[in-house]
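Only one structure is covered here, and it is reproduced in the block below.
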Amino acid sequence: MSSLNVVVVGLEGSGKTLAMRQLRRTCTESMEHRRAVPMPRRTRSTTGVEIESFSCGSAELKVREVSSLFQLRWAKWIGKADVVVFVVDASDSNAAAAASTALLDVVAEAHQRAPCGLPVLVLLNKCERCASRGARARLRALLHLDLLQQQQQQQQQQVTVLDASAVTGEGFGDVAAWLEQTISVRPT
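Structure (structure tokens):
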């Protein structure tokens with residue numbers, strides 16, 4: 052069984068803790084039984100680093116959720132990662148500028164860590180709160196996601212954007228599938 056070190060980062064209130072719990076729940080279900088499962092909303096803000104290990108497909112994941120309080124030290128944790136997940140609160144367009152800046156820093160750091168950069172998943176969380184396509188398109192524009200993905204393709208770095216809801220479980224089957232795909236094509 053291969054192992055994968057995953058670092059989960061994002062701004063305060065983006066839903067990193069609940070996303071990590073939903074990912075664990077989704078990954079531990081068999082492929083045939085994966086479905087969106089609501090999660091209780093009660094969480095406490097992470098003030099350090101939360102570490103969880105669980106299986107996802109044929110790999111053992113070691114997931115480190117790094118608090119936004121450690122944003123200046125995210126590079127240290129990214130340096131120990133095989134994959135980076137950047138969680139964005141898709142319902143908070145007011146925080147989009149700060150999220151965009153942090154995301155660009157994370158992608159740049161991930162790019163320096165491997166010949167083609169570490170794979171980065173941008174998880175647009177809380178998508179149940181911005182149901183309209185127009186709201187999602189505005190968020191993608193505010194975060195410069197299309198431009199970021201084009202630039203990273205030119206540099207051969209994998210940057211993927213997925214919509215999800217840690218509360219409802221929507222989209223986490225896609226997140227688990229992305230991780231499994233990333234594991235399967237990862238150089239050993």
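Taking the working numbering, the leading residue of the sequence shown gets 52, the next gets one more, and so forth.
In this text, a Cβ means the ideal position worked out from N, Cα and C, and glycines have one as well.
CA-CA distance, Q203 to V212, rounds to 12 angstroms. At the C-beta level, R124 and V58 stay beyond 7 angstroms of one another. For C167, the number of other beta carbons within 10 angstroms of its own is below 16, and it is reported as exposed.
Scanning G224, A217 and L230 for the CA closest to the CA of S142 turns up A217.
For V59, no alpha helix (DSSP H) segment is defined; the enclosing uninterrupted segment is the beta strand (DSSP E) at S53 to G61. The way I'd put it, the region 139-158 doesn't touch the region 219-234; fewer than three beta-carbon pairs between them come closer than 8 angstroms. A Cβ-Cβ distance of about 13 angstroms is found for the pair L193 and V173, leaving them out of contact under the 8 angstroms criterion. Separation of R76 and S106 (C-alpha to C-alpha, rounded to the nearest whole angstrom) is 10 angstroms. Counting only residues of its own chain and dropping the five nearest sequence neighbours on each side, T98 has a CB closer than 8 angstroms to the CB of S118 and L120. Scanning the region 153-190 from its first residue to its last, the whole beta strand (DSSP E) runs of 3-plus residues come out as 171-176.
Around R189, the same chain offers S144 as residues with beta carbons nearer than 7 angstroms, after the five sequence neighbours per side are excluded. Excluding its 5 nearest sequence neighbours in each direction, V157 has C-beta neighbours in its own chain below 8 angstroms: V60, W125, I129, V135, F137 and V171, listed in chain order. The Cβ atoms of D140 and G64 sit closer than 7 angstroms to each other. Beyond the five residues adjoining it in sequence on each side, S54 comes within less than 8 angstroms, by CB distance, of A110, E111, L112 and K113 in the same chain, given in chain order. Judged by their CB atoms, D214 and L175 are nearer to each other than the 7 angstroms cut-off.
Taking C-beta separations shorter than 8 angstroms and ignoring five residues to either side along the sequence, the partners of C78 in its chain run F105, S106, C107, G108, L112, A227 and L230, following chain order. Shown here, T97 sits in coil according to DSSP, grouped into three states, outside any helix or strand. When beta bridges are read from the DSSP output, K113 appears opposite N56 and S104.
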